[in-house]
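Trainee:
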Amino acid sequence: MIKKILDILPIFGKKDVDITEQYLQGSLVLLAIFDESLPKRALDYVLTGTNPEILFELNKLDAAKAAVYFHRAGTLEWWYASNVDTGKYGKVITQGLNARHKLYSKVGESFSLEQVARFAKVIAAACQDINIKVTTTQVPTWVIYLLVDAFYTTYDNARNLNLEHRKHWSMEFIANMVEAEANIGGENALFAIFDRKDVSEYYAANLKRIYELCDLKDYLLSHQEFVRKELVEKLSANGLVELINYLNKNTILRDTFADIIVLLATSSLRTVKKTAEPILNTLPAEIVKENLTHVLMNGTPKQRTQAADLFARQGENRDVLAEALKHETSKAVIKSIESALQRFCVADNANTVEAIKAPDFTPLEDTPLPDSARDILVNNFNEMLVKAKENAEREIEENKTSKHSYNWAQRHYKDLSKIDEKQCRALVDKLNSGQGTIQVNEIQIIKHKNRIPNLPEYTFFHAVRVITNNRQHADHFSSHYFNSDIPERLLSDIELRHVENVLERCHFKRATRITAALCLESYQDGLRRFP
């Protein structure tokens, strides 16, 4: 059977056809796996529109197999069909995928709007929505199949945003196709562009290539009424997040649809509100005030409550809140407005308090370890070497009677044996100067029985150098180090300024940012250490 499938001529009965029809044949030939007559009849339907009843026949196929053979066309998330053997059909599946990728490049040239729609209907009829998330109900699922297949499935790299092979695609083309072939307003195609209902954020990014359509921005600007009255009202939470992020990437779109962004910043949907709120700081203040005032006066109770909170956070327009309080009738909203006004009073009082003057700062001293530390390190090494040798010999003996053979102890002894006393003594120079990488085995020698860390000359600087292996330009410092890698005595009298200063002098990339993160990103460890 597989040989017949790969031989296109007997199935389609045509030899000299244009390139678009060749790609169509390569895309549809896999239907012969089910019935050898299907590819030819499906091709005739796509090209001419004749024999539309083929869609009903395709709808009776094994949907899981069809989705697998079409290489999961339209699948945005992970999807797997059990008990579908693709082994002997692997080549034709790959050929079909490649043919579809090339076929979509002919859109706007020799692959007409009507033919594109009919091709999508063939795929949707065969797969029967089994492998897709219906991200929107505002358009038929064949539109979802088409856009995901054209802008994601047929690409081998979701991060590649190059539209060279989709250069003739446009938002206008997609809208015209939806209007002509789905018998609904073309603007509804925007739901397929933006909505990601029930799709996780990770997988939603797979379709970001579609935002590269050259006229998408202009299409939104020319259909503002639809965007405000239909799109925003019917998009899912995920879809609204996608829309907000897209509007925010273009200054003209952001300012034109500022009212939408302000409205969504007062949304009861947490992810939507979280996405829109930060953008308010980038919008013109008067636009924010105007639209936030409108929401405060005319929105739902939840929106009015959120608007009051946003006004308070901005620290401006107290008069707007006071005026709204005069007319508000909802007890919950009244309480929120009063709370917002109270925050203005607190802010006023805070401005009258004199700034706290920080005490004088005295940096920690980078005290060098004494020469006696060299003998301690040599002693540590010799003790470790003796112990490592014993463990290696024991492991060899145990392997003679054990079912499984191990070599961890032997490898450890071998690695440790490569170190000599001269190298151990030189570790003091590395610790004192901050120059030269400290290897893992060398760190074990330094930490052995805590003899070096317990020296009175061992400082915060030495501890940091051990933690970072003496690497230059480190960019990570965890709060957990305070619990295990830094002697407690070194932490008793230090403050965050000391930490920042030591990290800077140890050549950390972002010492200030890392120091702040120690406290602000780790409540349990950070604030406990630096209350």
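Heads up: the sequence shown runs through residues 1 to 531, numbered per UniProt numbering. No residue lacks a Cβ here, since even glycine has one placed at the ideal position from N, Cα and C. Predicted, not measured: the structure shown is a model, and the values here were computed from it.
#1: Taking the beta carbon of proline 284 as the centre, do at least 16 other beta carbons fall within 10 Å, making it buried, or is it exposed?
#2: Check the DSSP bridge columns for phenylalanine 111 and list the partner residues they point to.
#3: Among Asn51, Thr266, Val29, which residue has its Cα nearest to the Cα of phenylalanine 70?
#4: Within the continuous alpha helix (DSSP H) that includes glycine 186, where are the two ends?
#5: Sort Ala63, Gln22, Ile11 by Cα distance to arginine 41 and report the nearest one.
#6: Going by beta-carbon coordinates alone, are valine 122 and tryptophan 169 separated by less than 7 Å?
#7: From what residue to what residue does the alpha helix (DSSP H) around cysteine 519 run?
#8: At which residue ranges does the stretch 261 to 341 contain complete alpha helix (DSSP H) runs of 4 or more residues, listed in the order of the chain?
#9: What are the start and end residues of the alpha helix (DSSP H) that includes valine 466?
#10: Closest to alanine 120 by CA distance: which of Ala73, Thr468, Lys229 is it?
#11: Hey, which unbroken runs of the alpha helix (DSSP H) at 4 residues or more fall wholly within the stretch 67 to 154?
#12: How close, in whole Å, do the beta carbons of residue 550 and alanine 189 come, if the pair is a contact with beta carbons under 8 Å?
#13: Give the range of the alpha helix (DSSP H) segment to which glutamine 423 is assigned.
#14: Are histidine 498 and glutamine 472 touching if we call contact CB-CB under 7 Å?
#15: Exposed or buried, which one is cysteine 214 when buried takes at least 16 other CB atoms within 10 Å?
#16: Would you mind working out which of Lys326, Ala99, Thr75, Asn98 sits nearest leucine 147, comparing C-alpha positions?
#17: What is the rounded straight-line gap between the Cα of leucine 220 and the Cα of leucine 280?
#18: How many whole angstroms separate the CB atoms of leucine 292 and valine 502, which I take to be in contact at a CB cut-off of 8 Å?
#19: Distance, Cα to Cα, valine 333 vs leucine 321?
#20: For methionine 1, is the classification buried or exposed, using 16 other Cβ atoms within 10 angstroms of its Cβ as the cut-off for buried?
#21: Grab me the residues of lysine 3's own chain with a C-beta within less than 8 Å of its C-beta, minus the 5 sequence neighbours each way, in chain order.
#22: When the Cα of arginine 465 is compared with those of Leu296, Glu230, Leu427, Ile494, which residue comes out closest?
#23: Spell out a yes or no on whether the stretch 134 to 150 and the stretch 48 to 60 are touching, meaning 3 or more CB-CB pairs, one atom from each, closer than 8 Å.
#24: Within 10 Å of its beta-carbon, does alanine 373 have 16 or more other beta-carbons around it, so buried, or fewer, so exposed?
#25: Keeping to the same chain, check which residues put their C-beta closer than 8 Å to that of alanine 204; ignore five residues upstream and five downstream.
#26: I think threonine 459 touches threonine 362, with their Cβ atoms under 8 Å apart; what is that distance to the nearest whole Å?
#27: Taking the C-alpha atoms as reference points, what is the distance between glutamate 328 and aspartate 319?
#28: Would you call the stretch 479 to 498 and the stretch 441 to 461 touching, i.e. three or more CB-CB distances under 8 Å?
#29: If you count every other CB in all the chains shown that lies within 10 Å of the CB of leucine 103, and 16 or more means buried, which is it?
#30: Okay, do the stretch 404 to 415 and the stretch 377 to 384 touch, 3+ Cβ pairs below 8 Å being the bar?
#31: Measuring only the C-alpha atoms, how far is isoleucine 514 from tyrosine 211?
#32: Should phenylalanine 151 and arginine 209 be called a contact, given that it needs their Cβ atoms to be closer than 7 Å?
#33: Can you tell which of Asp309, Gln115, Asn131, Ala312 has the C-alpha that lies nearest to the C-alpha of alanine 180?
#34: Assuming alanine 67 and alanine 81 form a contact by the criterion Cβ under 8 Å, report the distance between their Cβ atoms to the nearest whole angstrom.
#35: What residue from Lys430, Ala63, Glu164 has the CA that sits closest to residue 533's CA?
#36: Determine the direct distance from the alpha carbon of lysine 447 to that of asparagine 454, and round the result to whole angstroms.
Mentor: Taking the structure as given:
#1: Translated into positions along the sequence shown, residue 284 becomes position 284. Exposed is the call here.
#2: By one-based count along the sequence shown, residue 111 stands at place 111. Per DSSP, Val107.
#3: The residue you call residue 70 lines up with position 70 of the sequence shown. Minimum Cα-Cα distance from phenylalanine 70 among the listed residues Asn51, Thr266, Val29 corresponds to Val29.
#4: The residue labelled residue 186 in the question sits at position 186 within the sequence shown. Unbroken run through glycine 186: none, as it is neither H nor E.
#5: Reading the sequence shown from its first residue, position 41 is the one you call residue 41. Nearest of Ala63, Gln22, Ile11 to arginine 41, Cα basis: Ile11.
#6: In the sequence shown, the residue the question calls residue 122 occupies position 122. In the sequence shown, the residue the question calls residue 169 occupies position 169. Their beta carbons are not under 7 Å apart, which means valine 122 does not touch tryptophan 169 by this criterion.
#7: Looking up residue 519 in the sequence shown gives position 519. It spans 511 to 520 - the alpha helix (DSSP H) in which cysteine 519 sits, taken as one unbroken run.
#8: List check, alpha helix (DSSP H) in window: 270 to 276, 285 to 298, 301 to 314, 318 to 327.
#9: The residue labelled residue 466 in the question sits at position 466 within the sequence shown. Following the DSSP letters along the chain, one finds valine 466 inside the alpha helix (DSSP H) bounded by residues 460 to 467.
#10: For the purposes of this step, residue 120 is taken as the residue at position 120 of the sequence shown. If we check each option's Cα against that of alanine 120, Ala73 comes out closest.
#11: Within the stretch 67 to 154, complete alpha helix (DSSP H) segments of at least 4 residues are found at 90 to 104, 113 to 127, 141 to 148, given in chain order.
#12: It is not possible to answer for residue 550, since the shown part of the chain is limited to 1 through 531.
#13: Counting from 1 along the sequence shown, the entry for residue 423 is found at position 423. For glutamine 423, the enclosing alpha helix (DSSP H) covers residues 421 to 433.
#14: On the sequence shown, residue 498 is found 498 positions in, with the first residue counted as 1. On the sequence shown, residue 472 is found 472 positions in, with the first residue counted as 1. With respect to glutamine 472, histidine 498 sits apart: the two C-beta atoms are not nearer than 7 Å.
#15: Here residue 214 refers to the residue found at position 214 when the sequence shown is read from its first residue. Cysteine 214 should be labelled exposed.
#16: As a working note, residue 147 is residue 147 in the sequence shown. Residue Thr75 is the option with its Cα nearest to leucine 147.
#17: Sequence index remark: in the sequence shown, residue 220 carries index 220 (1-based). Sequence index remark: in the sequence shown, residue 280 carries index 280 (1-based). Computed Cα separation, rounded: 20 Å.
#18: As a first step, residue 292 must be located in the sequence shown, where it is residue number 292. As a first step, residue 502 must be located in the sequence shown, where it is residue number 502. About 45 Å; that fails the 8 Å criterion.
#19: Sequence index remark: in the sequence shown, residue 333 carries index 333 (1-based). Sequence index remark: in the sequence shown, residue 321 carries index 321 (1-based). Answer to the nearest angstrom: the Cα atoms are 11 Å apart.
#20: Stepping through the sequence shown from its first residue, residue 1 is reached at position 1. Its pLDDT being 43, under 50, methionine 1 is placed unreliably by the model, and the measurement read from it follows with that caveat. By the 10 Å Cβ count, methionine 1 comes out exposed.
#21: Residue numbering aside, residue 3 sits at position 3 when the sequence shown is read from its first letter. Model confidence at lysine 3 stands at a pLDDT of 43, short of 50, so the residue's coordinates are unreliable and nothing is read from them.
#22: Taking the first residue of the sequence shown as 1, we reach residue 465 at position 465. Nearest Cα to arginine 465 within the set Leu296, Glu230, Leu427, Ile494: Leu427.
#23: Taking 8 Å as the limit for Cβ pairs, the verdict is that the stretch 48 to 60 does not touch the stretch 134 to 150.
#24: Your numbering for residue 373 matches position 373 in the sequence shown. Buried: at least 16 other Cβ atoms inside 10 Å.
#25: Taking the first residue of the sequence shown as position 1, residue 204 is located at position 204. Sequence-distant Cβ neighbours of alanine 204 in its own chain, meaning closer than 8 Å and more than five residues away, are Leu76, Arg196, Asn238, Glu242.
#26: Here residue 459 is taken as the residue at index 459 of the sequence shown, counted from 1. Here residue 362 is taken as the residue at index 362 of the sequence shown, counted from 1. Threonine 459 to threonine 362, Cβ: 14 Å. No contact.
#27: Counting from one through the sequence shown, the residue named residue 328 turns up at place 328. Counting from one through the sequence shown, the residue named residue 319 turns up at place 319. The alpha-carbon atoms of glutamate 328 and aspartate 319 are separated by roughly 14 Å.
#28: Touching, per the Cβ criterion.
#29: Counting from 1 along the sequence shown, the entry for residue 103 is found at position 103. So leucine 103 counts as buried.
#30: Flag = no, the stretch 404 to 415 and the stretch 377 to 384 do not touch.
#31: For this step, residue 514 is matched to residue 514 along the sequence shown. For this step, residue 211 is matched to residue 211 along the sequence shown. Distance from the CA atom of isoleucine 514 to the CA atom of tyrosine 211, rounded to whole angstroms, is 35 Å.
#32: Along the sequence shown, read from residue 1 onward, the residue named residue 151 stands at position 151. Along the sequence shown, read from residue 1 onward, the residue named residue 209 stands at position 209. The beta carbons of phenylalanine 151 and arginine 209 sit closer together than 7 Å.
#33: For the purposes of this step, residue 180 is identified with residue 180 of the sequence shown, where counting begins at 1. Of the candidates Asp309, Gln115, Asn131, Ala312, the one whose C-alpha sits nearest the C-alpha of alanine 180 is Gln115.
#34: Start at 1 with the first residue of the sequence shown, and residue 67 comes out as number 67. Start at 1 with the first residue of the sequence shown, and residue 81 comes out as number 81. That belief holds up - the Cβ atoms of alanine 67 and alanine 81 are roughly 6 Å apart, short of 8 Å.
#35: The requested residue 533 is not part of the displayed model; the chain covers only 1 to 531.
#36: On the sequence shown, residue 454 is found 454 positions in, with the first residue counted as 1. On the sequence shown, residue 447 is found 447 positions in, with the first residue counted as 1. Cα-Cα distance, rounded: 10 Å.
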